[in-house]
Amino acid sequence: MLIDRVTLASPRAGVLAFVELREGDSVEARQVVASLDASVARANLAIARHRASSTVDRRFAKKTIELSQIEYDKAQRANSSIEGGGVFTDIDLHRLKLNVDKSILQLDQAESETKIHSLTVDQLTAELNSYAVVAPFAGRVTKVHRSKGEAVALGDPIADVINLDRVRVEGFVSIQEGLRIRPGSLVLVRLDLPDVDLAEEHVTMNGKLVFVDAGVEPVTGQIRVWAEVPNPEGVLRAGLPARMMIRGTPTLTSK
-12 MLIDRVTLAS
-2 PRAGVLAFVE
8 LREGDSVEAR
18 QVVASLDASV
28 ARANLAIARH
38 RASSTVDRRF
48 AKKTIELSQI
58 EYDKAQRANS
68 SIEGGGVFTD
78 IDLHRLKLNV
88 DKSILQLDQA
98 ESETKIHSLT
108 VDQLTAELNS
118 YAVVAPFAGR
128 VTKVHRSKGE
138 AVALGDPIAD
148 VINLDRVRVE
158 GFVSIQEGLR
168 IRPGSLVLVR
178 LDLPDVDLAE
188 EHVTMNGKLV
198 FVDAGVEPVT
208 GQIRVWAEVP
218 NPEGVLRAGL
228 PARMMIRGTP
238 TLTSK
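Using the working numbering, you'd call the opening residue of the sequence shown number -12 and step up by one each time.
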């Protein structure tokens, strides 16, 4: 049984802009193999990036602070230069000070909006990436379900990808053997095809026992086990009979 086997599915509803796959093609891990039409998402991202890069509001707020502060300082100096004051009333001074405080708050708001625009860029970038169909591992395409221009819904299959570099080999052991073995035990595996004698049957592959079932098969009285076996040459295939020997136990027939 294959460990790395996946049906690539549509991440959202839409129309497929491209499907760069044919049966038998090799794909790399993280390769974009198909994508939905994302023209609207790209336009929204471009707008958000422009807003995030704009410094107009911040520069305007800083200039407003400078002007408000100058007006307030001049009013204070004018009152100080005349004995007894009286050029600007307390209300005038409070109003000018309020303009300074208001300008500072406008700068804070402009900086806050800049941060929000930056977060919006991150959000829309993630959304744009969700239009792509990405291979999670390197492998080979075994079936293509959809073509360019087709409308798809969320979860619709796009293509099947497999990797033969490692496989899961299943088998059964007796209760006595099942009580002795533990996950992590070394295993030896080779093909065991009936009525034929192929060179591939003489190739022995080393692996590691991963699973020993806690239960017992009610009919056979045996315990199911499976091992993970490196298969770089692709000798082991799903459904082919094989022999697996777990170190310390007799040879057992595996699937």
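Every residue, glycine too, gets a C-beta built ideally from N, C-alpha and C.
From a predicted model like this one, the values you see are computed outputs, not experimental measurements.
Between which two residues does the beta strand (DSSP E) carrying residue i extend?
i	result
F75	Neither: F75 is in no beta strand (DSSP E) and is coded neither H nor E.
Q209	209 to 217
R127	126 to 131
A119	119 to 121
A229	229 to 233
For the alpha helix (DSSP H) that residue i lies in, which residues bound it at each end?
i	result
R36	26 to 40
V(-7)	Unbroken run through V(-7) is the beta strand (DSSP E), -11 to -4; no alpha helix (DSSP H).
A65	43 to 68
Three-state secondary structure (DSSP) at residue i?
i	result
R167	helix
E157	strand
K102	helix
T191	coil
S22	strand
V6	strand
A108	The displayed chain sequence assigns Val, not Ala, to residue 108. Here V108 sits in helix by DSSP.
S90	helix
D95	helix
A140	coil
R177	strand
R82	helix
A16	coil
L247	In this structure the chain extends from -12 to 242, so residue 247 is not present and cannot be described.
A201	coil
A186	helix
What residue from the options has the CA that sits closest to residue i's CA?
i	options	result
K50	R17, V20, N31, K89	K89
E220	G208, L92, L178	L178
P123	Q18, R29, V27, R82	Q18
L151	D200, A125, G165	A125
A25	A119, G142, E164, R133	A119
A140	V(-7), P(-2), F75, M(-12)	P(-2)
S134	V183, D(-9), R9	R9
T101	A62, L83, K84, A48	A48
L244	V203, E7, H189, G208	With the chain covering only -12 through 242, there is no way to say anything about residue 244.
A138	V2, R(-8), D(-9), V(-7)	V2
L(-11)	E215, V160, R234	E215
A274	A28, V20, R234	Any answer about residue 274 is impossible in this case: the structure gives the chain only from -12 up to 242.
A33	D109, L83, V197, Q163	D109
G158	L115, T129, G226, A0	G226
Rounded to the nearest angstrom, what separates residue i and residue j at their Cα positions?
i	j	result
V156	D147	21 Å
D79	S105	39 Å
I52	A97	13 Å
V174	V121	34 Å
L166	E204	14 Å
V131	G208	42 Å
G194	G11	27 Å
P217	V176	10 Å
N31	T42	19 Å
Y59	S99	26 Å
N66	T76	9 Å
So, is residue i buried or exposed, given that buried needs 16 or more other C-beta atoms within 10 angstroms?
i	result
P228	exposed
I210	buried
S22	buried
V183	exposed
V206	exposed
S55	buried
L(-5)	buried
G171	exposed
L185	exposed
Would you say residue i reaches chain D, if we count a Cβ-Cβ gap shorter than 8 Å as a contact?
i	result
P217	Here chain D cannot be found, since the structure has a single protein chain.
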